[in-house]
Each structure stands twice: as C-alpha cells, then as structure tokens.
Amino acid sequence: MKRVYSVLSALLFYAFIFFSQQSVAGQIIQAQKPVVVIAVNEWASQRVLSQAVGTLIKQLGYPVEYQDISVEDQWGALRQGIVHIQVEVWQSSVTDVLVKGLAKRWFEDLGNHDAIGREEWWVPEYVLELCPQLPDWQALNQCASLFASENNPKQGLFFTGPWNARHAELIRALNLDFRIKRLSSAMPLWQKLNYAVENKKPIVLLNWTPNWTDLYVKGQFIKFPQYEPECELNPNWGINNNMTHDCGSPEVSQIKKIAWPGLEQTSPCAYQLLKNIQFSHEMIAKASALKEVEQYSEAQAAQLWLSYYHQQVVTWLPVGCTATSSY
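The sequence shown maps to residues -25 to -1, 1 to 302 in mature numbering (1 follows the signal peptide of the UniProt record, and there is no 0).
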C-alpha cells in the first residue's frame, strides 16, 4: 500500500511540474508582443522624436526597432508593414504620395500634430543687410553673386538636403540664376549654415519651422509668389504662362502621424499611443535643438526631451494599457 501511495505521490508531483511549466510557457507566449518598427528619416527632430516615441512604446511592453529609411522609400515600407510608424510627416513635401496612399488605404492617417510647419528657401537675418531687397524673391537674381561659389562666381548656390522637393522646377519657372547643391542629410546642411553664420557669409538654403533655428538663429523665408494648388497643375496660372511651379511652397504644412494599416490589430496599445501624441511647435524645435545645437546623441536627446515634457507625455499613455512607471 505504501508503494502505491509513493507512486501516486510521484505522479502527482510530476503532473504539477508539467502543468506549472505549461502555465508559465502559456504566460510567456501570451506576454510576447510583436516588434513595432519606427521609420527614421534624415533630420534631427524626426530622429529624436522617433526615439522618444519608441521609448514610450517599450513602456507598453512592445519590442521596438528603428529603421533608417529615406522619405521616398518609407511609403512602400509602410504599405507592406516593413515599418509600422512614422511620427513626423510634413504634408507639404509629400502631398501627392500621401493623398494617393491614404485614399487607397496603403497607410493610415493617425491625425495631425498641434505644430504647423513651413518649408522654404531661407536666409539668416544678417544677409538682409547685404541685400536689402530680400526677402522678396525678385532680389535673388539681383544678389545672385553674393550666394555664388568660387567655381561659378556669378550664379547663386542654393543648399538643400536629399529630399525630392520642387526646387529645380521653381528655379526654371521663375528663371532664377541659381543652381542647387544637394547635401546628403540635414547635418551637412547645418554645417554649411553654422560656418556661414560664424563668418557672416551670405547663404540661402532650405529651412523649415519648427526647427532648432527658431531658437538660435534669426532669419527669414524668401517671399515667393503665394502657393496655390493650380500652380503645380496649370501652366497658365501665375507669372509664367508656359510652366508650372512658378510659386513658393505652402506657408502652412500639416505635420502628421502615419502608420501601417495593420498596426491597430497587431499592436493596439502602440496604435492608440500614436493617436494620442500631440507635438507642439516648441516640442519639435526643442527635439531638433537637443541634437543639433546641444550635441546630445539621439538616445540622450530623447530621454532629456521626455523629461522636459513629462507632464504632457504621461497624458498620452493609453487608458487600459499597462505601462511601466518610468522611461
């Protein structure tokens, strides 16, 4: 009889161990969440804010990866679910692909940030002393030699980044005596600006707001003919009856949050977090300044940024989603 009890006890012990292991394994499987991949582009605020949002998503229990990708390439990646989130999309620079993609449900619009953007040719304030007719666009040709390079002392040089903007079309349509110097990312663009500012040299370049320059370098956008949608479609519109794009960029650009359409189903708490997030003008400018001026790494800048805006950030965490208590 003792032997029977001994055998039964052993069976019960091993059964307890087996089902305990199954329960733990089940909890682990249940706790596993899919990786959320965040698109990282070529300018400082987007990179820092991507890290900040990624930190918050990790709080919600999701693994996070960051994917360096160009603005042009990210749309196909968002459509296919290769990347899942883009935290800072400037509508004015991607209007065509954004409108088409949203209409076809290739990706999802999760709303606008509070910040309103603008992108345009820009000069530091001191350049107006050298060419007082600026910021009127017609003064660009009158002062083109100020912005010229040593290799081409008569033709002005306009600096921009790798983004597929409409600068070449604008130059042709308005017959500007300028050529384009396209740089690999925002970093060499700001290096050119910093050198010019330190030495009080004339420079005209692509700039935008909100940006670190809002806080550190006074300047003005060039005043081109005011943008209208017809400017890009109808050659008869505007001052050049033979060409489109004879106007400036939109003075108001919505800054959006865009996601892969499957995000809500696979990662509902990350999806709701992104819907809740609202970046102000100051928040985006500060993110840029932490990286470009204060020279923090992107990860360090993201942590500092989260600390600066802690009171707003905690209100973004979704109700009903478990989050850790700190970043």
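In this text, a Cβ means the ideal position worked out from N, Cα and C, and glycines have one as well.
One question on the structure: do residue i and residue j come within less than 8 Å of each other, judged by their Cβ atoms?
i: V58; j: Q21; result: no
i: E94; j: W183; result: yes
i: Q113; j: S228; result: no
i: W280; j: A19; result: no
i: I233; j: L85; result: yes
i: V15; j: Y41; result: yes
i: W235; j: G51; result: no
If you draw a straight line from the C-alpha of residue i to the C-alpha of residue j, how long is it?
i: Y101; j: K193; result: 8 Å
i: E83; j: S160; result: 27 Å
i: I13; j: V64; result: 13 Å
i: L158; j: F134; result: 7 Å
i: K176; j: C118; result: 13 Å
i: G76; j: C106; result: 43 Å
i: T30; j: Y202; result: 38 Å
i: M258; j: Y271; result: 16 Å
i: Y191; j: W81; result: 39 Å
i: P168; j: E267; result: According to the sequence displayed, residue 168 carries Leu and not Pro. The alpha-carbon atoms of L168 and E267 are separated by roughly 12 Å.
i: N217; j: P210; result: 5 Å
i: Q286; j: Y37; result: 22 Å
i: E239; j: I197; result: 42 Å
i: C222; j: D89; result: 26 Å
i: H142; j: L181; result: 9 Å
i: V288; j: S263; result: 18 Å
i: Q34; j: L248; result: 11 Å
i: S(-3); j: I230; result: In this prediction, S(-3) has a pLDDT of 39, which is less than 50 and means its spatial position is unreliable; what the coordinates show is noted afterwards. Their Cα atoms are separated by approximately 46 Å.
i: E125; j: C244; result: 55 Å
i: K250; j: L73; result: 18 Å
i: G136; j: S45; result: 11 Å
Determine the burial state of residue i: buried for a count of at least 16 other Cβ atoms within 10 Å of its Cβ, exposed for fewer.
i: I214; result: exposed
i: Q5; result: Per-residue confidence for Q5 stands at a pLDDT of 39, beneath the threshold of 50, marking its modelled position as unreliable; the derived number appears in the next sentence. Classification for Q5: exposed.
i: K129; result: exposed
i: V10; result: exposed
i: N127; result: exposed
i: N186; result: buried
i: V179; result: buried
i: Q49; result: buried
i: A78; result: exposed
i: D43; result: exposed
i: P99; result: buried
i: V69; result: buried
i: P204; result: exposed
i: E17; result: buried
i: D189; result: buried
i: E273; result: buried
i: Y246; result: buried
i: L208; result: exposed
i: G92; result: buried
i: T290; result: exposed
i: T297; result: exposed
i: V294; result: exposed
i: P225; result: buried
With DSSP as the reference, label residue i as helix, strand or coil.
i: residue 305; result: Outside the displayed range of the chain (-25 to 302) lies residue 305, so it cannot be described from this structure.
i: S282; result: helix
i: Y302; result: coil
i: Q(-5); result: Legend: pLDDT at Q(-5) = 43, less than 50; position of this residue unreliable, value from coordinates given subsequently. Q(-5) falls in the helix class under three-state DSSP.
i: T219; result: coil
i: P175; result: Pro is not the amino acid found at residue 175; the sequence shown has Lys there. Here K175 sits in coil by DSSP.
i: Q253; result: coil
i: L31; result: helix
i: R141; result: coil
i: C244; result: helix
i: Q21; result: helix
i: W50; result: helix
i: R80; result: coil
i: I259; result: helix
i: S224; result: coil
i: N182; result: strand
i: K193; result: coil
What are the uninterrupted segments assigned as beta strand (DSSP E) that are 3 or more residues long and contained completely in the stretch 87 to 139, given in chain order?
131 to 135
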